[in-house]
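Working notes for the structure below.
Numbering (our numbering), first residue to last: 22 to 182.
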């Protein structure tokens with residue numbers, strides 16, 4: 022069983038139900054509070070049976086706050102957790118070339134799974150998920166939404182390039 026840790030500022034209630042339905046234990050930390058995140062990581066690390074995942078937004082859509090990515094990356098490495106970042110509000114606008122929050126803070130290579138939508142900054146449809154090849158392969162063959170999905174229409178792919 023995994024333990025999923027969310028910043029309390031994350032606003033999508035339906036999002037959490039999916040994790041509960043999958044049997045994950047859910048914990049929260051105070052918004053951008055690294056001391057609180059560390060306390061949560063210490064408490065779950067002692068008893069965990071599965072992986073520990075920290076799920077955050079790069080830019081919080083409800084407030085516009087930036088996640089403390091350098092601090093979160095330091096803690097995820099210290100406690101051997103994985104970091105998932107929903108950067109729907111950061112991609113296309115943050116960083117020197119619009120590559121998102123990870124690029125803005127120069128921690129892109131420390132993020133385990135980086136995902137978001139093309140519907141905001143790119144005014145398109147669909148989304149993306151960037152990770153190591155092993156993770157992408159697992160998602161491609163095990164994610165029900167991926168297995169039964171269709172590819173983006175070519176006109177949208179061209180526009181995104």
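Think of the CB as a built atom: it goes at the ideal place given N, C-alpha and C, for glycine as much as any other residue.
Original post:
Between residue 76 and residue 174, what straight-line distance do the alpha-carbon atoms span, to the nearest angstrom?
Top reply: Translated into the one-based positions of the chain shown, residue 76 becomes position 55. Translated into the one-based positions of the chain shown, residue 174 becomes position 153. Those two C-alpha atoms are separated by around 30 Å.
Original post:
Short check: CB of residue 79 to CB of residue 111, under 7 Å?
Top reply: Stepping through the chain shown from its first residue, residue 79 is reached at position 58. Stepping through the chain shown from its first residue, residue 111 is reached at position 90. Yes. Within cutoff.
Subject >> Cβ shell of residue 151 (< 6 Å), same chain only, five flanking positions each side left out >> reply: Stepping through the chain shown from its first residue, residue 151 is reached at position 130. Answer for residue 151: 135, listed in chain order.
**OP:** Using DSSP bridges, identify the partner residues of residue 138.
**Re:** By 1-based counting over the chain shown, the position of residue 138 is 117. 148, per the DSSP bridge assignment.
Original post:
How many angstroms separate the CA atom of residue 58 from the CA atom of residue 131?
Top reply: Locating residue 58 in the chain shown gives position 37, where the first residue counts as 1. Locating residue 131 in the chain shown gives position 110, where the first residue counts as 1. Straight-line spacing of the CA atoms in residue 58 and residue 131 works out to 17 Å.
Original post:
Which one of 103, 119 and 180 has the shortest CA to CA distance from residue 109?
Top reply: Taking the first residue of the chain shown as 1, we reach residue 109 at position 88. Out of 103, 119 and 180, 119 has the C-alpha closest to the C-alpha of residue 109.
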